[in-house]
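Engineer: Structure incoming, see below.
Residue numbers (the UniProt record's numbering): 1 to 274.
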């Protein structure tokens, strides 16, 4: 099986979206991931607020043939209202995005599920999937909880997002993953990391957003994880590898190229031909 690769936002987060798209094209990716709304309390990103940046991104997408695999980030907290995401969805649709990264922050899992279902219904109007990513510091901390929310939401465009780092840091197993319906998995996020890590919330977040490793440079069992991921015909492999310290000396394009080369090497070791 041939896989398509996406350059995730966090991997080259220091560059503006038009440059990220160009880097993806120049280094061999087929897709790119873009962040419109922040993961924390920061203001929305320029691609969402500045028409000049938005239109420049559209232009480079058209010129290169790169497409937007996913947009970020929808956080389902206690105050979430699906109706407030209309502008986000319109922006993403204008960029041709296919998938939306969703995180679950609401301690009331019933309300979280209801809001996820409502958001899925709205996203479906724009022909996008809503892909719930479990993260160990959130209220959807593992695969089991994510599947509970997805199944109870009962939406045909609901998806499950597997991130190699979060999978390794959560109470999730390869056996559980192997039973997941392949139709739920539209894209996966891969990186590497050490086996030993800081278990605090702050430590987990810092590693996830700033200190991941290139595939093969850490100690995660990426080959077993990739083998266990149920794969449909359209699986996209997103390389999400933020390296804030290294970014001060290694250019974004060089890191993007290295990420793709090392992920391809990992997959080739499974006798999968890219």
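For every residue, glycine included, the Cβ atom is placed at its ideal position computed from N, Cα and C.
Quick caveat: nothing in here was measured; it's all calculated off a predicted structure.
Output yes or no for whether 8 Å exceeds the beta carbon distance between residue 153 and residue 120.
Structural biologist: If you number the chain shown from 1, residue 153 lands on position 153. If you number the chain shown from 1, residue 120 lands on position 120. Contact: yes.
Engineer: Compute the beta-carbon to beta-carbon distance between residue 209 and residue 241, rounded to the nearest angstrom, for a pair I have assumed lies under 8 Å.
Structural biologist: Within the chain shown, residue 209 is the residue found at index 209, counting from 1. Within the chain shown, residue 241 is the residue found at index 241, counting from 1. Not a contact, Cβ separation roughly 11 Å.
Engineer: Can you look up residue 273 in the DSSP assignment and give me helix, strand or coil?
Structural biologist: Within the chain shown, the letter at position 273 stands for residue 273. The predicted model places residue 273 with a pLDDT of 41, which falls under 50 and marks its position as unreliable, so this point remains unresolved.
Engineer: Can you tell me the Cβ-Cβ gap for residue 185 and residue 229, rounded? I've got them flagged as a contact below 8 Å.
Structural biologist: As a position in the chain shown, residue 185 is number 185, starting the count at 1. As a position in the chain shown, residue 229 is number 229, starting the count at 1. Indeed they touch by this definition, with Cβ atoms about 6 Å apart.
Engineer: Helix, strand or coil: which one does DSSP assign to residue 39?
Structural biologist: Position 39 of the chain shown, counting from 1, holds the residue named residue 39. Reduced to three states, the DSSP call for residue 39 is coil.
Engineer: Please classify residue 170 as buried or exposed, where buried requires at least 16 other C-beta atoms within 10 Å of its C-beta.
Structural biologist: Counting from one through the chain shown, the residue named residue 170 turns up at place 170. Buried, because 16 or more other Cβ atoms sit within 10 Å of the Cβ of residue 170.
Engineer: Are there 16 or more other CB atoms within 10 angstroms of the CB of residue 243, so buried, or fewer, so exposed?
Structural biologist: As a working mapping, residue 243 is identified with position 243 in the chain shown. Buried, by the Cβ-count rule.
Engineer: Starting from the Cα of residue 258, find the closest Cα among 29, 17, 15 and 2 and give me that residue.
Structural biologist: For the purposes of this step, residue 258 is taken as the residue at position 258 of the chain shown. Of 29, 17, 15 and 2, the residue nearest in Cα terms is 29.
Engineer: Excluding the five sequence neighbours on either side, which residues of its own chain have a C-beta within less than 8 Å of the C-beta of residue 18, listed in chain order?
Structural biologist: Here the question's residue 18 lines up with position 18 in the chain shown. Here the set comprises 53, 56, 57, 59 and 60.
Engineer: Judging by CA-CA distance, which residue of 260, 187 and 220 is the nearest neighbour of residue 232?
Structural biologist: Locating residue 232 in the chain shown gives position 232, where the first residue counts as 1. When each option's Cα is compared against that of residue 232, the closest is 187.
Engineer: Quick check on DSSP: helix, strand or coil for residue 156?
Structural biologist: Looking up residue 156 in the chain shown gives position 156. The answer is coil: DSSP assigns residue 156 none of H, G, I, E or B.
Engineer: Mind the definition here: the segment 77–88 touches the segment 194–206 only if three or more C-beta pairs lie below 8 Å; say whether that holds.
Structural biologist: Because the criterion of three Cβ pairs below 8 Å is not met, the segment 77–88 and the segment 194–206 do not touch.
Engineer: So which of 76, 144, 10 and 158 has the shortest CA-CA distance to residue 276?
Structural biologist: It is not possible to answer for residue 276, since the shown part of the chain is limited to 1 through 274.
Engineer: Under 8 Å, do residue 95 and residue 131 count as touching if we go by C-beta distance?
Structural biologist: Locating residue 95 in the chain shown gives position 95, counting from the first residue. Locating residue 131 in the chain shown gives position 131, counting from the first residue. Going by C-beta atoms, residue 95 is not nearer than 8 Å to residue 131.
Engineer: Which of helix, strand or coil does DSSP assign to residue 2?
Structural biologist: The residue you call residue 2 lines up with position 2 of the chain shown. Three-state result, residue 2: coil.
Engineer: Is DSSP giving residue 96 helix, strand or coil here?
Structural biologist: Against the chain shown, residue 96 aligns to sequence position 96. Residue 96 falls in the coil class under three-state DSSP.
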